[in-house]
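Using the working numbering, the first residue of the sequence shown is number 1152, and each one after it goes up by one. We put the beta carbon where it would ideally sit given N, CA and C, even for glycine. Everything below concerns the one structure shown next.
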Amino acid sequence: MASSFIPYGRQSLHPEDVQSILQTLESGWLTTGPQVETFEKAVADYLPMGHAIAVSSGTAALHCAMYAIEIGPGDEVIVPPLTFAATSNAVLYQGGTPVFADVDPETLSIDPVSVRERLTGKTRAIVAVDYAGQPCDYKALRAIADEVGLVLIADSCHSLGAGDAFGKCGTHADLSVFSFHPVKPITTAEGGMIVTRQKDWADRMRCFRNHGITTDHRQRQAKGAWHYEMVELGFNYRLSDLQCSLGLSQMKKIDSFVAERNKQATRYRQALQSCPGIEPLAVRENCLHGHHLFVVRTEKRDELFQFLRERDIGSAVHYPPVHLHPYYRQTLQTGPGLCPVAEEASDRILSLPIFPGLGSDEQERVIEALQEFGR
Ligand SMILES: *Cc1c(COP(=O)(O)O)cnc(C)c1O
1152 MASSFIPYGR QSLHPEDVQS ILQTLESGWL TTGPQVETFE KAVADYLPMG HAIAVSSGTA
1212 ALHCAMYAIE IGPGDEVIVP PLTFAATSNA VLYQGGTPVF ADVDPETLSI DPVSVRERLT
1272 GKTRAIVAVD YAGQPCDYKA LRAIADEVGL VLIADSCHSL GAGDAFGKCG THADLSVFSF
1332 HPVKPITTAE GGMIVTRQKD WADRMRCFRN HGITTDHRQR QAKGAWHYEM VELGFNYRLS
1392 DLQCSLGLSQ MKKIDSFVAE RNKQATRYRQ ALQSCPGIEP LAVRENCLHG HHLFVVRTEK
1452 RDELFQFLRE RDIGSAVHYP PVHLHPYYRQ TLQTGPGLCP VAEEASDRIL SLPIFPGLGS
1512 DEQERVIEAL QEFGR
């Protein structure tokens, strides 16, 4: 068989996904229509959470969350550095200040001990990122948030379908955010969602995603009224009916997607026992890992990346620490030494291919390459 390129992540689409989009195309609704609410309800019921608001991306979802809790100039929000820049960019969109807390050396998710050290009188919220798809230590984070009176936000862009003894990811925090980018647990091409139990926040975010206008086109059409008012400065962060119909058909498969990722992760862990110098990250006890990413640590990271690349195997680094990006260094005067655990990890980590459509023959090709690298 001719070898073809294996990416580190890819969407898993099936004929029923295509069918779902085609039906919506023929329904007459293209953007805000009945599929939006149906998709929101499907995610809310799955978790379960009281309110779900579909938006145009995970980034828009993070912005909505910061808007809902009225982050503004002078407010500090604690974030981890091993994440996509969007997590902390959302704080900046609102004029707030992201404050970077270090990560736990075993799991690389935000370290509650470091969070405590970063608290000041200006701290308003903590954003926990379920790094690689693994739930954070929400028990410890909740204790800090409740003690000081902070909002706990979960960036669960990696962890739809994952969970722990306290519930599914998306239910632990006051506000949780998902992304439906093609490499994420389910996809709508581009898309995102915020879930919360708090109705006033949900109402604010629905308004914010539609320019700050109190009613949407569909509601006005149903009422036979033309009148509308813009009451806040919002954005066009709407997710289309077409995309929501894809999301709906993908949601039906979320548990099987996560099961498939876990099967692949187990195979990697078993194979890595005979690959000295390439170590998988730790998995916390009593949790269902989402395995959005399969991250390994090695001293020869750049060599391994190159070695895999030469064999048509994709891998990636998640992430270069956000506080070391030039924009952050310039605007927040951040730099090396601020989060030593994250900085050290970032030089050694590599994400290997893992996604529901990865064939077992393809995974064996990756494993053979890893074993060859070690010899
Ligand atoms: C993907 C991702 C985002 C941004 O989501 P988009 O849908 O790409 O805007 C934010 N945070 C994390 C942790 C992500 O992985």
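Proximity below 9 Å, CB of residue i to CB of residue j
| i | j | result |
| --- | --- | --- |
| leucine 1439 | glycine 1312 | yes |
| valine 1492 | aspartate 1281 | no |
| alanine 1279 | aspartate 1226 | no |
| valine 1254 | leucine 1292 | no |
| alanine 1467 | glutamate 1257 | no |
| arginine 1369 | tyrosine 1379 | no |
| leucine 1301 | threonine 1274 | yes |
| proline 1199 | threonine 1347 | no |
| glycine 1385 | arginine 1360 | yes |
| isoleucine 1229 | leucine 1270 | yes |
| proline 1504 | isoleucine 1157 | yes |
| proline 1166 | aspartate 1392 | no |
| isoleucine 1531 | valine 1206 | No answer is possible for residue 1531: it lies beyond the span of the chain, which begins at 1152 and ends at 1526. |
| proline 1232 | cysteine 1490 | yes |
| valine 1517 | leucine 1475 | no |
| arginine 1161 | proline 1333 | yes |
| valine 1527 | arginine 1452 | Examination of residue 1527 is not possible in this model, given that the chain is present from 1152 through 1526 alone. |
| glutamine 1566 | tyrosine 1218 | There is simply no residue 1566 to check, as the chain begins at 1152 and stops at 1526 in what is shown. |
Endpoints, the beta strand (DSSP E) within which residue i is located
| i | result |
| --- | --- |
| histidine 1202 | 1202 to 1206 |
| isoleucine 1304 | 1302 to 1306 |
| phenylalanine 1527 | Since the first residue of the chain shown is 1152 and the last is 1526, residue 1527 is not available in this structure. |
| arginine 1448 | 1445 to 1448 |
Integer Cβ distance of residue i from residue j, believed to fall under 8 Å
| i | j | result |
| --- | --- | --- |
| leucine 1326 | alanine 1216 | 5 Å |
| histidine 1202 | alanine 1211 | No, histidine 1202 and alanine 1211 are not in contact; Cβ-Cβ is about 16 Å, not under 8 Å. |
| valine 1328 | glycine 1209 | 6 Å |
| cysteine 1395 | threonine 1482 | In fact, because the Cβ distance is near 36 Å, the residues do not count as touching under 8 Å. |
| isoleucine 1204 | glutamate 1191 | 7 Å |
| threonine 1234 | tyrosine 1470 | 6 Å |
| glutamate 1430 | valine 1447 | 6 Å |
| serine 1163 | phenylalanine 1445 | Not a contact, Cβ separation roughly 16 Å. |
| alanine 1316 | asparagine 1437 | 5 Å |
| threonine 1485 | aspartate 1367 | So it is not a contact: roughly 40 Å between Cβ atoms. |
| alanine 1373 | leucine 1521 | In fact, because the Cβ distance is near 57 Å, the residues do not count as touching under 8 Å. |
| glutamate 1114 | glycine 1428 | Nothing about residue 1114 can be reported from this structure: the residues present for the chain run from 1152 to 1526 only. |
| glutamine 1514 | arginine 1418 | 6 Å |
| serine 1330 | cysteine 1358 | Not confirmed; about 22 Å, so no contact. |
Assigned secondary structure, residue i (DSSP; H/G/I helix, E/B strand, else coil)
| i | result |
| --- | --- |
| arginine 1566 | Residue 1566 lies beyond the stretch modelled for the chain, which goes from 1152 to 1526, so this question has no answer here. |
| arginine 1275 | strand |
| phenylalanine 1506 | coil |
| leucine 1397 | helix |
| valine 1254 | strand |
| isoleucine 1464 | strand |
| leucine 1259 | coil |
| valine 1382 | coil |
| methionine 1152 | Its pLDDT being 47, under 50, methionine 1152 is placed unreliably by the model, and the measurement read from it follows with that caveat. Coil, per DSSP. |
| cysteine 1215 | helix |
| isoleucine 1295 | helix |
| leucine 1459 | helix |
| leucine 1243 | helix |
| aspartate 1392 | helix |
| threonine 1234 | coil |
| threonine 1182 | coil |
| glutamate 1268 | helix |
| glutamate 1221 | coil |
| tryptophan 1288 | The sequence as given places aspartate at residue 1288; tryptophan does not occur at that position. Coil. |
Start-to-end residues for the alpha helix (DSSP H) that takes in residue i
| i | result |
| --- | --- |
| arginine 1412 | 1405 to 1423 |
| glutamate 1519 | 1511 to 1525 |
| tryptophan 1352 | 1350 to 1359 |
| threonine 1338 | Where threonine 1338 is concerned, there is no enclosing alpha helix (DSSP H), given that its DSSP letter is neither H nor E. |
| threonine 1175 | 1166 to 1178 |
| aspartate 1196 | 1185 to 1197 |
| leucine 1483 | 1477 to 1483 |
| histidine 1474 | Per DSSP, histidine 1474 belongs to no alpha helix (DSSP H) and is neither H nor E. |
| alanine 1496 | 1491 to 1497 |
| arginine 1369 | 1368 to 1374 |
DSSP bridge partner residues for residue i (one or two, in chain order)
| i | result |
| --- | --- |
| methionine 1344 | Ala1205 and Phe1329 |
| glutamate 1227 | Thr1248 and Thr1274 |
| lysine 1319 | Gly1314 |
| glutamate 1430 | Arg1448 |
| asparagine 1387 | Asn1361 |
| valine 1280 | Asp1306 |
| isoleucine 1500 | Arg1448 |
| leucine 1439 | Gly1314 |
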